[in-house]
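Visitor: Protein chains in written order, with the numbering used here: chain A, 1247 to 1573; chain B, 452 to 960; chain C, 6 to 327.
1) Here's the rule I'm using: 16 or more other beta-carbon atoms within 10 Å means buried, otherwise exposed. How should residue 261 of chain C be labelled?
2) Are residue 572 of chain B and residue 554 of chain B touching if we call contact CB-CB under 7 Å?
3) Expressed to the nearest angstrom, what Euclidean distance is found between the alpha-carbon atoms of residue 457 of chain B and residue 503 of chain B?
4) Give me the Cα-Cα distance between residue 123 of chain C and residue 627 of chain B, rounded to the nearest whole angstrom.
5) Measuring CA to CA, which of B:924, B:877, B:923, B:900 is closest to residue 912 of chain B?
6) If the criterion is Cβ atoms closer than 7 Å, does the pair residue 905 of chain B and residue 916 of chain B meet it?
7) Let me make sure I understand the geometry here. Which of C:315, C:120, C:302, C:232 has the alpha-carbon closest to that of residue 67 of chain C?
8) Could you pull the start and end residues of the alpha helix (DSSP H) that residue 610 of chain B belongs to?
9) Got a sec, what are the start and stop residues for the beta strand (DSSP E) residue 727 of chain B sits in?
10) Taking just the CA atoms, how far does residue 514 of chain B sit from residue 1444 of chain A?
11) Indicate whether residue 132 of chain C and residue 73 of chain C have their beta-carbon atoms separated by less than 7 Å.
12) What residue ranges within the region 46-103 of chain C form continuous alpha helix (DSSP H) runs of no fewer than 4 residues, ordered along the chain?
13) Expressed to the nearest angstrom, what Euclidean distance is found between the alpha-carbon atoms of residue 446 of chain B and residue 537 of chain B?
14) Consider the Cβ of residue 1439 of chain A: report whether some Cβ of chain B lies at a distance smaller than 7 Å.
15) I need the straight-line Cα distance from residue 1543 of chain A to residue 1298 of chain A, nearest angstrom please.
16) Residues in the region 168-198 of chain C with C-beta within 7 Å of chain B's C-beta atoms, listed in sequence order?
17) Would you list, in chain order, the members of the region 816-834 of chain B that have their beta-carbon closer than 9 Å to a beta-carbon of chain A?
18) Within the same chain, show all residues whose beta-carbon is closer than 7 Å to that of residue 479 of chain B, passing over the 5 residues directly before and after it, in chain order.
19) Exposed or buried, which one is residue 1540 of chain A when buried takes at least 16 other CB atoms within 10 Å?
20) At a Cβ cut of 8 Å, what residues of the region 114-132 of chain C count as close to chain A, listed as they run along the chain?
21) Indicate the three-state DSSP secondary structure (helix, strand or coil) for residue 196 of chain C in the structure shown.
22) Just how far apart, CA to CA, sit residue 709 of chain B and residue 601 of chain B?
23) Measure from the C-beta of residue 1546 of chain A to each C-beta in chain C and report whether the shortest distance is under 7 Å.
24) Suppose the cutoff is 6 Å on Cβ atoms and the five residues either side in sequence are ignored; what does the same chain contact list for residue 872 of chain B look like?
25) Suppose only complete runs of 3+ residues qualify. What are the beta strand (DSSP E) ranges in the region 247-316 of chain C, listed by chain order?
26) Using a Cβ-Cβ cut-off of 8 Å (strictly less than) and excluding sequence neighbours within five positions of residue 1334 of chain A, which residues of its own chain qualify?
27) Could you run through the region 239-254 of chain C and flag, in chain order, every residue whose CB is less than 7 Å away from some CB of chain A?
28) Taking CB distances under 7 Å as the criterion, tell me whether residue 279 of chain C reaches chain A.
29) Which residue wins for smallest C-alpha separation from residue 1315 of chain A, given the options A:1470, A:1340, A:1289?
30) Taking the straight line between their C-alpha atoms, what separation do you get for residue 641 of chain B and residue 930 of chain B?
31) Using a Cβ-Cβ distance under 7 Å, would residue 1198 of chain A count as near chain C?
32) Quick one: residues in its chain with C-beta nearer than 6 Å to the C-beta of residue 788 of chain B, no 5 flanking neighbours on either side, listed in chain order?
33) For the candidate residues A:1557, A:1530, A:1545, A:1511, whose alpha-carbon lies nearest to that of residue 1269 of chain A?
34) Check whether the region 1509-1523 of chain A and the region 1289-1298 of chain A touch, using three or more Cβ-Cβ pairs below 8 Å as the test.
35) Can you give the Cα-Cα distance for residue 910 of chain B and residue 739 of chain B, rounded to whole angstroms?
36) Hey, is residue 1451 of chain A's beta-carbon within less than 7 Å of any beta-carbon in chain B?
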């Protein structure tokens, strides 16, 4: 408990709390259940991707192709749904096709990073370019409308359990599943171990390239889930709709306390990071501040957060290197 | 069943261009502490890495463990057979708990999705720690522990794996005297339980305290295996270096020129305190003490990269505040750091580029561009005068041997024409022949009027080069000795106990 | 002393020449004056971004904010011009704004020590937000006619002015990197920042200048682009962000820092430009060109990897037979 109070998650939580208090004063709408649920729903895709990115960043990697992969899966979904029957089986099929296709693309990233040893940022840059090009070519940049989707999918999109939209549930389930994997499976612990000390990991027999392939494939898997959430949310496929989202995803993970050099990062922190970004956006809308300012705020907050974090880190390193000087 | 727990026979290992091991043998009995010794580059760590499964030996090697032929292809194979390696820099995960660090590596990677049993993990960890009589909360993250505690965690990991053989690579290098004692106790208790230990160390006294038998390597070749009672320290050194070499104590008389550097009441929280000394022209001042006594931190403060500090630094009679390494160079201070490969040199760059780096600003022509011709001449001058081999200025610094690399670093700093040269562990990882060459060089520089501070843990070295010796202990100056009164014993006495006089029995390790 | 060996850069140069020949033969209209001028007009802006990115990557960093730095500088120029300030003031104002952006990156990276990818990610979002807030998402125009000459004019009626500016900057960058103390320090800091610090190099000064220089090149790219299009919008040049990383890497720059040459980057930019124009002439759809760019980037790195492995094996065999 004491450790938690001092943790980075705590400071993000405090910032969110302060923001909420301020916003509650500014707008009575803010603290309503509907508004808060809307915030979460609107950021579920960002959240699902950020959770996957957390694992990638813990192992010291980065994936800038997430938005492209998600778009690609969205397009595949949109195209196949035109041929799928209007039966519950379609939903099952969607949950098979989307993750599978995502894993396929993610594992290509993983194999190139792990086996060919190309830096992750370069591999995923290349993949991003390739996938974005293909998506644009196939769709011609055109929207795929919901008019072609089976009604069962539209029903699924509007479905809610305990008054909570299925899209939010997808986010919650993803978070819980990933948390479980990180905490309770061997591969999850290996991800943490590699983040902690790569060399030691190899010495104790952890297969580094296997773990790398896993994190990138899992990122792809979640991109598949995110694509389902995105298609459900917009009820259409916009091939350009997610351009630049990868940077917001990385921003959310970093705001949540993960260290870009690897080793640190928690699912809980990332969720807080996503919420922080979501609440800023929502708050600006409610405060009737021009939405254009949203990016200014986000940018400033990222800069302040990473600078503050780094100063704290340097301070803690100093404490570590202390020699017991006799008084 | 043979009397040996481990037999490694006909072990050779060839790397591109070098034969690191040539027909080496290592035989360890059950329940013995076996010292593996040799100079840097003798092949100890290569042999350990073969034992650990990190490297594969050349064909023809024979490997027996518990009397049976064993194949170790990967690190996990060694661990599973009960061979645990404790590396000098430890193999721990700072972000994971003690329990997990002890348990990790247990499952083969085929079971990626296996559920982690936290309860079993903690139970195993607690049991192993109990066997060591070491109490600690197993849920603490390892990053919160001291180095000595981390080492215990690592030994506990070995026990949890039912290790029959534990290799300890320089285990005492960053421990305090008290912690070393505790480690010896642990080693003796492991031995009593029939666990064999391979102990790799440079500290001869320490080896005689714990080891039953010694295997000596030299230049990648097997020299022999000896019982402790067949050996003396002197004989061991002769076996290691192949000839009898002991440095001679410095007998030259120090020129007492004017004071170049004066340090008054220098203090930095958590690093050092109450440091006052002066350095004169033509003098070599030795600073020694245990690792972690604040020597390096002090040197880096004077060089402007360990800031901020309290107190005064006075250069040529003028109070000076040095805010960066750039300013230190301008003030005529040179600092040769401890680690050549990471701090001293830029390995991928050429010898020329390394040597000219601190004086680039002085090599500008009237168009503000670097005068390449002058730069090459400068490098060639130092390659020649310091006898760097091979004398190829365009070669990457990383291609040179340790001794030649150190000469390049020295050349680089001589090019700045320093008044004050601070050199940290000048011969770390350099073979004996090159060592005395560097000692001679330092004496020569002092004779020409330079003021030199030599920081070293190697007492014979300190005695061989210094005119005066300052001993540090826990961030303070424990005492100062003139070269005539200084002996290894008197220095150790100050370093360990902080007092002059006869060394006490319990510290005689 | 110096002999022509097949360095990374020379291989790229040969590929560039080969590609030129191949395109000239197989793509009708590639050698037409129309296409050649088009390429010469497009190359400078991309090339400037690639050089800006390369200098940063040599230090082991990355600058995700360059295109928005350029856009912000462009907005400043547009505002100054449309308020009636003379061209030279407008341009200087734009450069000043660009340098300010670079200073912000440099300050947080060099003085505070935060990793470049995070800082420039933050400033990228920040600059984008600033542009959006100022322009409300609209495009601004209103440049003076003489200003538009920079991006559209010819020198001696033959060579585009912009490519002369670009070549000048490329030569300048090469001289700065290879012949000056700062340039040498850039490589040293990129190779091993600890060792350079221990050698009396003021790392943070070096890094600060790197981010300022990168911003300066972005501002120049911005001048060329805004004068060519006669308008500025938030996404000015944004497609060049990842392409410039790709060009630097393809040009042999090591993403971990310590190595990278102007000439390599130049060849890479030319290769990208020729492929893009050539495919365009062949009627290949734009998106497929993007795909091919990505494939080339990854393919080059895979080939590099195979080559390194092969060299290692060769060495091993040599050692065994010796």
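Heads up, the beta-carbon is just placed ideally off N, CA and C, and yes, glycines get one too.
Guide: By the coordinates alone:
1) For the purposes of this step, residue 261 of chain C is taken as the residue at position 256 of the third chain. Residue 261 of chain C is exposed by the Cβ-count criterion.
2) As a position in the second chain, residue 572 of chain B is number 121, starting the count at 1. As a position in the second chain, residue 554 of chain B is number 103, starting the count at 1. Cβ distance < 7 Å, so residue 572 of chain B and residue 554 of chain B count as in contact.
3) As a first step, residue 457 of chain B must be located in the second chain, where it is residue number 6. As a first step, residue 503 of chain B must be located in the second chain, where it is residue number 52. Those two C-alpha atoms are separated by around 13 Å.
4) Residue 123 of chain C sits at position 118 when you count from the first residue of the third chain. Residue 627 of chain B sits at position 176 when you count from the first residue of the second chain. Residue 123 of chain C and residue 627 of chain B: Cα-Cα distance of roughly 40 Å.
5) As a position in the second chain, residue 912 of chain B is number 461, starting the count at 1. If we check each option's Cα against that of residue 912 of chain B, B:877 comes out closest.
6) One-based indexing of the second chain puts residue 905 of chain B at position 454. One-based indexing of the second chain puts residue 916 of chain B at position 465. In this structure, residue 916 of chain B lies closer than 7 Å to residue 905 of chain B by Cβ.
7) On the third chain, position 62 is the one that residue 67 of chain C refers to. Measuring from the Cα of residue 67 of chain C, the nearest candidate turns out to be C:120.
8) Position 159 of the second chain holds residue 610 of chain B. Here the alpha helix (DSSP H) through residue 610 of chain B covers 598-611.
9) On the second chain, residue 727 of chain B is found 276 positions in, with the first residue counted as 1. Unbroken beta strand (DSSP E) run through residue 727 of chain B: 723-731.
10) For the purposes of this step, residue 1444 of chain A is identified with residue 198 of the first chain, where counting begins at 1. For the purposes of this step, residue 514 of chain B is identified with residue 63 of the second chain, where counting begins at 1. Rounded to whole angstroms, residue 1444 of chain A to residue 514 of chain B spans 29 Å at the Cα level.
11) Numbered from its first residue, the third chain carries residue 132 of chain C at position 127. Numbered from its first residue, the third chain carries residue 73 of chain C at position 68. Yes; because the gap between Cβ atoms is below 7 Å, this pair is in contact.
12) 71-87
13) In the structure displayed, chain B extends from 452 to 960; residue 446 of chain B sits before or after that span and is not available.
14) On the first chain, position 193 is the one that residue 1439 of chain A refers to. Yes, its Cβ sits closer than 7 Å to a Cβ of chain B.
15) Locating residue 1543 of chain A in the first chain gives position 297, where the first residue counts as 1. Locating residue 1298 of chain A in the first chain gives position 52, where the first residue counts as 1. Those two C-alpha atoms are separated by around 25 Å.
16) 184, 185, 186, 189, 193, 196, 197
17) none
18) One-based indexing of the second chain puts residue 479 of chain B at position 28. Answer for residue 479 of chain B: 455, 456, 457, 485, 616, 647, 649, listed in chain order.
19) Sequence index remark: in the first chain, residue 1540 of chain A carries index 294 (1-based). Buried, because 16 or more other Cβ atoms sit within 10 Å of the Cβ of residue 1540 of chain A.
20) 117, 118, 119, 120, 122, 123, 124, 126, 127, 128, 129, 130, 131, 132
21) As a working note, residue 196 of chain C is residue 191 in the third chain. Residue state, collapsed to three classes: helix.
22) By one-based count along the second chain, residue 709 of chain B stands at place 258. By one-based count along the second chain, residue 601 of chain B stands at place 150. Roughly 48 Å separates the two Cα atoms.
23) On the first chain, residue 1546 of chain A is found 300 positions in, with the first residue counted as 1. With 7 Å as the cut-off, residue 1546 of chain A counts as an interface residue toward chain C.
24) Start at 1 with the first residue of the second chain, and residue 872 of chain B comes out as number 421. Result list for residue 872 of chain B: 785, 901, 903, in chain order.
25) none
26) On the first chain, position 88 is the one that residue 1334 of chain A refers to. Excluding sequence neighbours, residue 1334 of chain A sits near 1398.
27) 247, 250, 251, 254
28) Here the question's residue 279 of chain C lines up with position 274 in the third chain. It does not: the Cβ of residue 279 of chain C has no partner Cβ on chain A nearer than 7 Å.
29) As a first step, residue 1315 of chain A must be located in the first chain, where it is residue number 69. Comparing Cα-Cα distances from residue 1315 of chain A to each of A:1470, A:1340, A:1289, the minimum goes to A:1470.
30) What you label residue 641 of chain B is simply residue 190 of the second chain in a count that begins at 1. What you label residue 930 of chain B is simply residue 479 of the second chain in a count that begins at 1. Using only the alpha carbons, I get a separation of about 38 Å.
31) Examination of residue 1198 of chain A is not possible in this model, given that chain A is present from 1247 through 1573 alone.
32) As a first step, residue 788 of chain B is located in the second chain; it is residue number 337 there, counting from the start. Once the five neighbours on either side are set aside, the close Cβ partners of residue 788 of chain B are 794, 795, 875.
33) The count along the first chain starts at 1 and reaches residue 1269 of chain A at position 23. Nearest C-alpha to residue 1269 of chain A: A:1530.
34) yes
35) By one-based count along the second chain, residue 910 of chain B stands at place 459. By one-based count along the second chain, residue 739 of chain B stands at place 288. Rounded to whole angstroms, residue 910 of chain B to residue 739 of chain B spans 8 Å at the Cα level.
36) Translated into positions along the first chain, residue 1451 of chain A becomes position 205. Chain B, which has a Cβ nearer than 7 Å to the Cβ of residue 1451 of chain A, makes this yes.
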